[in-house]
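2 protein chains.
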Amino acid sequence: MEFDYEIDPHAIERNSFAMIRELADLSAFDAGQAQVAMRVIHSAGDPALAAQLRFSACACDAGRRALAAQAPILCDVEMLKQGLTKRMLARPAQCFLNADGVSAIAQARGETRSMAALEFWRPHLAGSVVIIGNAPTALFRLLEMLAGDPSLGRPALVIGIPVGFVGAAESKQALWDCHQTLGLECITLLGRQGGSAIAASVCNALLRCNRGELY
Amino acid sequence: MEFDYEIDPHAIERNSFAMIRELADLSAFDAGQAQVAMRVIHSAGDPALAAQLRFSACACDAGRRALAAQAPILCDVEMLKQGLTKRMLARPAQCFLNADGVSAIAQARGETRSMAALEFWRPHLAGSVVIIGNAPTALFRLLEMLAGDPSLGRPALVIGIPVGFVGAAESKQALWDCHQTLGLECITLLGRQGGSAIAASVCNALLRCNRGELY
Numbered sequence: 012m013e014f015d016y017e018i019d020p021h022a023i024e025r026n027s028f029a030m031i032r033e034l035a036d037l038s039a040f041d042a043g044q045a046q047v048a049m050r051v052i053h054s055a056g057d058p059a060l061a062a063q064l065r066f067s068a069c070a071c072d073a074g075r076r077a078l079a080a081q082a083p084i085l086c087d088v089e090m091l092k093q094g095l096t097k098r099m100l101a102r103p104a105q106c107f108l109n110a111d112g113v114s115a116i117a118q119a120r121g122e123t124r125s126m127a128a129l130e131f132w133r134p135h136l137a138g139s140v141v142i143i144g145n146a147p148t149a150l151f152r153l154l155e156m157l158a159g160d161p162s163l164g165r166p167a168l169v170i171g172i173p174v175g176f177v178g179a180a181e182s183k184q185a186l187w188d189c190h191q192t193l194g195l196e197c198i199t200l201l202g203r204q205g206g207s208a209i210a211a212s213v214c215n216a217l218l219r220c221n222r223g224e225l226y
Numbered sequence: 012m013e014f015d016y017e018i019d020p021h022a023i024e025r026n027s028f029a030m031i032r033e034l035a036d037l038s039a040f041d042a043g044q045a046q047v048a049m050r051v052i053h054s055a056g057d058p059a060l061a062a063q064l065r066f067s068a069c070a071c072d073a074g075r076r077a078l079a080a081q082a083p084i085l086c087d088v089e090m091l092k093q094g095l096t097k098r099m100l101a102r103p104a105q106c107f108l109n110a111d112g113v114s115a116i117a118q119a120r121g122e123t124r125s126m127a128a129l130e131f132w133r134p135h136l137a138g139s140v141v142i143i144g145n146a147p148t149a150l151f152r153l154l155e156m157l158a159g160d161p162s163l164g165r166p167a168l169v170i171g172i173p174v175g176f177v178g179a180a181e182s183k184q185a186l187w188d189c190h191q192t193l194g195l196e197c198i199t200l201l202g203r204q205g206g207s208a209i210a211a212s213v214c215n216a217l218l219r220c221n222r223g224e225l226y
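Note that the protein sequences, when read in sequence, are chains A and B.
Residues 12 to 226 (this note's numbering) are what the first sequence spells out, left to right.
Residues 12 to 226 (this note's numbering) are what the second sequence spells out, left to right.
Listed below in structure tokens is the structure:
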């Protein structure tokens, strides 16, 4: 029993992105957006995701500048932190889902822990890169907080890509519909699909662009 | 600006799985397999994945027994470990990707670190639950190791769901084609799609079944 497959990591990466360029319709994107789109597609193995991806006008530039300036990176789940390429991060990403007090807040309010954890984001929000890859309720709560308090610092970029069947598509549509009113730059993937790996891939693509590692 | 959305975690979970039962074609699966299929679909937000999911004859039972017996859980990447529901694990999962020596082996052989890491799996393989959620080369190497050494202990279950454009579909097809010859039980998702979140969701579903937490 023999298997014939590519074992060289550089060839695998080169061939992967050549195939993605061939299979995906990237015509809606500028060069920087295309880098992000290709890594999203790579993370999920699904060229069709390109059609659901949305970028606000200056999203890539705002995200790249914030990351280069070592802005806080706020994640809704630990798995997302784990998906960020550590060698490229100037400072560790933060996740407050398991912080002391989150469960108590969630239980007292009858809400998800994911949205309760956003209480701990407040002091870090201004100029941050927010990455939501799991919980629609976290994205909705973020929009509520920003809409309800104009003095609350705006993130430099919101990567809003929660996944699932209850609220995911709705929360991402709300982000896309409201981002200009709320003064936000954002990257999102409309529809039900999403998740930590896809959300992390967006940030990883921006980090790579900052290092000149282009495909 | 107001947003209307469900904040109760129990209602979100209940409604999610009700929607999945409505949207997905689960007719190919028995009751246990359907539990796994629903969590896979939940993790990716994609009901169409049901059509690509494959179970060997006794995969769910073999996996559930191994997990109940606190078998080793071997993961190809750290993100996958992070995706396993900790409260349900009797022992921590293991990942050797960043173990001392892996990079040296990979460089000496001109191969990926993911496949080099499998050298460290040998003493843990017998009776284990193997979960590959990222690297096609890790799945190919596992099949090579098992085919080349009949005395090497067999995993109780191989959850083989790597993702991507180079080797992912091929490695999963090879697992599916060879599992009987190699004496393996397996769960896989044919095609390019896959990843840590999906692979972890399979194991989480089996852990839930063992606790009687059914949808």
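Just so it is clear, CB atoms sit at the ideal spot from N, CA and C, and this is done for glycine as well.
Predicted, not measured: the structure shown is a model, and the values here were computed from it.
Under 9 Å Cβ-Cβ, which residues of chain C neighbour Tyr226/A? Any reference to chain C falls outside this structure, whose protein chains are A and B.
Terminal residues of the continuous beta strand (DSSP E) containing Arg65/B? Unbroken beta strand (DSSP E) run through Arg65/B: Leu64 to Phe66.
In the DSSP assignment, what residue or residues form a beta bridge with Val169/B? According to DSSP, Val169/B bridges with Val141/B and Cys197/B.
Of all Cβ atoms in chain B, is any one closer than 7 Å to the Cβ of Ala185/A? Chain B places a beta carbon closer than 7 Å to that of Ala185/A, counting this residue as a contact.
Minimum C-alpha distance to Leu312/B - residue among Arg222/B, Arg219/B and Gly171/B: With chain B represented from 12 up to 226, any question about residue 312/B goes unanswered, as that position is not in the structure.
Since Cys86/A is in the alpha helix (DSSP H), which residue starts that stretch and which ends it? Looking at the DSSP string, Cys86/A is not in any alpha helix (DSSP H); the run it does join, the beta strand (DSSP E), is Ile84 to Cys86.
Own chain partners of Cys209/B with C-beta closer than 6 Å, once the 5 adjacent residues on each side are dropped: The question names Cys, yet the displayed sequence has Ile at residue 209/B. Contacts found: Val51, Ser54, Ala55 and Ile172.
Answer with yes or no whether the minimum CB distance from Ile198/B to chain A is below 7 Å. Cβ-Cβ to chain A under 7 Å: no for Ile198/B.
Any beta carbon of chain B sitting closer than 7 Å to that of Phe151/A? Residue-level contact by beta carbon holds for Phe151/A and chain B, with a gap shorter than 7 Å.
Using a Cβ-Cβ cut-off of 6 Å (strictly less than) and excluding sequence neighbours within five positions of Gly164/A, which residues of its own chain qualify? Taken in chain order, the residues that qualify are Leu136 and Ala137.
Residues that Cys106/B bridges to, as DSSP identifies them: In the DSSP output, where bridge partners are listed per residue, Cys106/B has Cys86/B.
Taking 6 Å as the limit between beta carbons, can you name the residues of its chain near Asp87/B, skipping five residues before and five after? Only residues of its own chain outside the window of five on either side were considered, and among them Ser125, Ile143, Asn145, Ala146 and Ala149 have a CB closer than 6 Å to the CB of Asp87/B, listed in chain order.
Nearest candidate by alpha-carbon position, reference His21/A, set Ala70/B, Cys106/B, Met156/B and Gln118/B: The residue among Ala70/B, Cys106/B, Met156/B and Gln118/B with its C-alpha nearest the C-alpha of His21/A is Gln118/B.
Alpha carbon to alpha carbon, what distance is there between Ala185/A and Asn26/B? Between Asn26/B and Ala185/A, the C-alpha separation is close to 20 Å.
Verify the CB distance criterion: does Met99/B have a CB-CB separation below 7 Å to chain A? For Met99/B, no CB of chain A lies under 7 Å from its own CB, so it is not counted at the interface with that chain.
Determine, for Gly205/A, whether the minimum Cβ-Cβ distance to residues of chain B falls below 7 Å. Cβ-Cβ to chain B under 7 Å: yes for Gly205/A.
What does the alpha-carbon distance come out to for the pair Glu122/B and Tyr16/A? Rounded to the nearest whole angstrom, the CA to CA distance from Glu122/B to Tyr16/A is 11 Å.
Under 7 Å, do Gly74/A and Leu218/A count as touching if we go by C-beta distance? Their beta carbons are not under 7 Å apart, which means Gly74/A does not touch Leu218/A by this criterion.
On the CB-based measure, 16 or more other CB atoms within 10 Å of its CB, does Arg120/B come out buried or exposed? Taking all protein chains in view, the Cβ of Arg120/B is surrounded by fewer than 16 other Cβ atoms within 10 Å, so the residue is classified as exposed.
Would you tell me roughly how many angstroms separate the C-alpha atoms of Ile23/A and Thr192/B, rounded to the nearest one? Cα-Cα distance, rounded: 28 Å.
Name the chain B residues that come within less than 9 Å of Ser54/A, Cβ to Cβ? In chain order: Val174, Gly175 and Gly206.
Leu163/A, DSSP secondary structure in three states: In this structure, Leu163/A counts as coil in the three-state DSSP scheme.
Which class does Thr96/A belong to by DSSP, given the choice of helix, strand or coil? Correct three-state label for Thr96/A: coil.
Would you grab the beta carbon distance between Asp41/A and Ala61/A for me? Rounded to a whole angstrom, and I think it's under 8 Å. With a Cβ gap of about 13 Å, Asp41/A and Ala61/A do not count as contacting.
Can you list, in chain order, the residues of its chain with a C-beta nearer than 8 Å to that of Cys69/B? Leave out the 5 residues immediately preceding and following it. Excluding sequence neighbours, Cys69/B sits near Glu196.
Gln118/B lies in the alpha helix (DSSP H); which residues open and close that run? Judged by DSSP secondary structure, Gln118/B falls within the alpha helix (DSSP H) whose first and last residues are Val113 to Arg120.
Beta-carbon spacing of Ala211/B, Leu95/B below 7 Å: It is a contact, given that the beta carbons lie within the stated cut-off.
Distance, Cα to Cα, Leu81/B vs Val47/B? First, the residue type needs correcting, since residue 81/B is Gln and not Leu in the sequence shown. Our two residues, Gln81/B and Val47/B, have alpha carbons roughly 20 Å apart in a direct line.
Would you say Phe131/B reaches chain A, if we count a Cβ-Cβ gap shorter than 7 Å as a contact? Judged by the 7 Å Cβ criterion, Phe131/B is not in contact with chain A.
Which class does Gln204/B belong to by DSSP, given the choice of helix, strand or coil? Look at Gln204/B here: in three-state DSSP terms it is coil, with no helix or strand label.
Closer than 7 Å by beta-carbon distance: list the chain B residues that pair up with Ala158/A, in chain order. Per Cβ cutoff of 7 Å: Met12.
Name the residues in the segment 91-115 of chain A whose C-beta lies less than 7 Å from a C-beta of chain B; which are they? Listed by position, the residues of the segment 91-115 of chain A near chain B (Cβ gap below 7 Å) are Gln93 and Gly94.
Contacts of Ala179/A in chain B (Cβ-Cβ under 8 Å): Ordered by position in chain B, the residues that pass the 8 Å Cβ test against Ala179/A are Gly56.
In whole angstroms, what separates the C-alpha of Ala128/B from that of Phe107/B? Each residue's Cα considered, the two are about 6 Å apart.
is_contact[Asp19/A, chain B] using C-beta, thresh 7 Å: At least one CB atom of chain B sits nearer than 7 Å to the CB of Asp19/A.
Kindly indicate which residue of Asp57/B, Gly43/B and Ser114/B has the alpha-carbon position closest to the one of Gly202/A. When each option's Cα is compared against that of Gly202/A, the closest is Asp57/B.
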